[in-house]
Structure formats: structure tokens, C-alpha cells
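What follows is a single structure, written as C-alpha cells, with notes after it.
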Amino acid sequence: MTEGMGLRERKKIQTRRRLLAEATRLFSERGFDQVSVAEIADAADVSKMTVFNYFDSKEDLVLAPMEEHIGDVAQGVRDRAPGESAVAGVRRQFLAAVEGRDPAVGMSDSPVALGLLRLIQETPALLTRVHAFFARGDELLVDVLVGEGEEPTVARIVAAQLISTRNALISENHRRLLAGESAEAIAADAAVLAERAFGLLEKGLGDFATRG
């Protein structure tokens with residue numbers, strides 16, 4: 416990731432990673448509300464001002480990596496190939512992320528990633544921010560679809576289905592990681608489940624779960 420970068424850029428990335436790692440460690444040990452920004456700065460051997468040069472708030476120390484991916488679904492639809500459906504574009508993007516073991520789709524079992532995941536699930540304030548991210552991602556996807564000429568109400572229905580499906584797949588990956596499985600162990604199952612889930616969207620629920 417840092418290949419070809421200058422020394423200044425590499426140091427910035429290293430500092431950001433150190434801050435994230437130390438914040439995650441302290442939050443995990445003592446709880447989110449019991450740790451101050453000053454304590455995080457001290458643990459990372461930087462000034463408090465340096466922390467705010469990288470992150471706007473204590474919440475951002477946890478959620479900044481997730482916030483960078485708010486527009487992923489909208490981007491997947493925007494960048495789809497000619498002749499490719501919105502569902503196919505998002506599915507292809509998701510499968511590529513699984514293949515690349517991308518933390519954004521719940522495919523990282525690093526201590527920092529797992530620590531952040533546990534922290535978010537245990538901290539109501541952080542969960543509230545995460546739900547706001549989901550809502551913003553939905554809005555961005557609706558904007559793309561409307562921009563391509565779709566009726567706003569239909570665009571909202573489609574966006575809700577695409578994002579809900581993707582989030583459900585990520586939640587399952589998180590569940591298995593927190594249960595102690597490795598990202599490598601769940602990758603094949605994650606891909607199979609994604610194919611089925613997006614396949615249901617693509618073909619419509621039709622006779623799914625028809626009672627005999």
C-alpha cells in the first residue's frame with residue numbers, strides 16, 4: 416500500500432495506523448466512554464493536537480475507516496459495465512472485496528479489525544453513527560439511480576434492497592469472525608452466500624418459500 420510513496424506520506428499512514436491501534440486497545444480494555452483523546456495521544460506518543468490533525472473526534476478514531484466506504488454501493492452501480500445490471504455490478508464489487516479480504520465487507524480478522532467490530536457493537540453512540548452511514552449510503556445510491564433516469568420512488572426501493580442484502584452478508588461475515596473463525600476459513604462460504612443472495616435480487620423472489 417505504501418510502495419511508491421514519499422517518506423512524509425508513509426509516516427502519515429504509520430501515524431494514523433498507530434493511533435487507530437492504540438485507540439482500539441484502550442477502548443477494548445476500558446470502554447469507549449472511559450478513554451480520553453489525551454490518553455490515546457499519550458499511548459501513541461503524539462500530541463493531542465496531532466490526533467485532531469488526523470481525526471475530527473474520538474468517534475472518528477473508530478469509524479473513520481468505515482466512513483470511507485459509505486459510497487461503495489453507489490460506486491459499484493456507477494462503475495458497472497455496459498449491459499451490466501445494478502445488481503450484477505454490486506455483486507461483482509462485493510465478490511471482489513471478499514476475494515481481496517477487504518475489511519469493508521467483514522473479511523478481516525486482524526486484532527484491530529475485530530477490536531473495532533466488538534467496540535461498535537457494544538457502544539450505542541457508535542451504532543447510531545453506523546446507522547447514519549447506512550442511511551447516507553442509501554441516499555448516494557438513490558442519487559445515482561435517479562441521475563440515470565429512474566423514478567425516485569423506484570430508486571429508493573431498489574437501493575433499499577441492494578444495501579440491505581449487502582449489509583446482511585457483511586453481518587454474517589462479522590458473526591462468524593466474532594465466533595472465532597478466520598477470514599480465510601469463511602471466504603468460500605461468503606462468496607457462495609453472496610452469489611445466492613444477489614441471485615435472488617436479480618431474478619426476483621418469485622416462488623421463493625412458497626408454502627407446500
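For the sequence shown, position 54 matches number 469 in the numbering used here, and the numbering has no gaps at all. All C-beta atoms in this analysis are idealised placements derived from N, C-alpha and C, irrespective of residue type, glycine included.
Contact defined as beta carbons within less than 8 Å: I believe residue i pairs with residue j. What is the distance between those atoms, to the nearest angstrom?
i: V628; j: A605; result: An answer regarding residue 628 cannot be provided, because it is not within the stretch 416 to 627 covered by the chain.
i: L478; j: A458; result: The Cβ separation is near 19 Å, so there is no contact.
i: S443; j: G530; result: 5 Å
i: L608; j: L584; result: 6 Å
i: A598; j: R516; result: 5 Å
i: Y469; j: R431; result: 5 Å
Is it the case that the Cβ atoms of residue i and residue j are separated by a distance below 8 Å?
i: A575; j: L560; result: no
i: I578; j: D558; result: no
i: L620; j: L532; result: no
Given a threshold of 16 other Cβ atoms within 10 Å of its Cβ, counted over all protein chains shown, does residue i qualify as buried or as exposed?
i: T439; result: buried
i: R581; result: buried
i: G504; result: buried
i: Q508; result: buried
i: V488; result: buried
i: G491; result: buried
i: D460; result: exposed
i: I524; result: Looking at the sequence provided, one finds Asp at residue 524 rather than Ile. Result: buried.
i: A550; result: exposed
i: A603; result: exposed
i: A501; result: buried
i: A456; result: buried
Return helix, strand or coil for residue i, following the three-state DSSP convention.
i: I485; result: coil
i: R493; result: helix
i: G358; result: A query on residue 358 cannot be resolved here, the shown segment of the chain reaching from 416 to 627 and no further.
i: E499; result: coil
i: S451; result: coil
i: T430; result: helix
i: S443; result: helix
i: S586; result: helix
i: H470; result: With the sequence shown as reference, residue 470 is identified as Phe, and His is not the correct amino acid for it. The answer is coil: DSSP assigns F470 none of H, G, I, E or B.
i: L616; result: helix
i: G627; result: coil
i: S525; result: coil
Cβ of residue i versus every heavy atom of the ligand ADP: is any distance shorter than 7 Å?
i: L531; result: Of the ligands one can find in the structure shown there are none, so the ligand ADP has no counterpart to examine.
Quiz item: Taking one C-beta from the segment 478-487 and one from the segment 444-455 each time, how about it: are there three or more such pairs within less than 8 Å?
Solution: no
Quiz item: Touch check for the segment 519-533 and the segment 588-599: three-plus C-beta pairs under 8 Å?
Solution: yes
Quiz item: With a cut-off of 8 Å, do at least 3 Cβ pairs link the segment 532-539 to the segment 603-618?
Solution: no
Quiz item: Is it true that the segment 465-479 meets the segment 430-437, where meeting means three or more beta-carbon pairs spaced less than 8 Å apart?
Solution: yes
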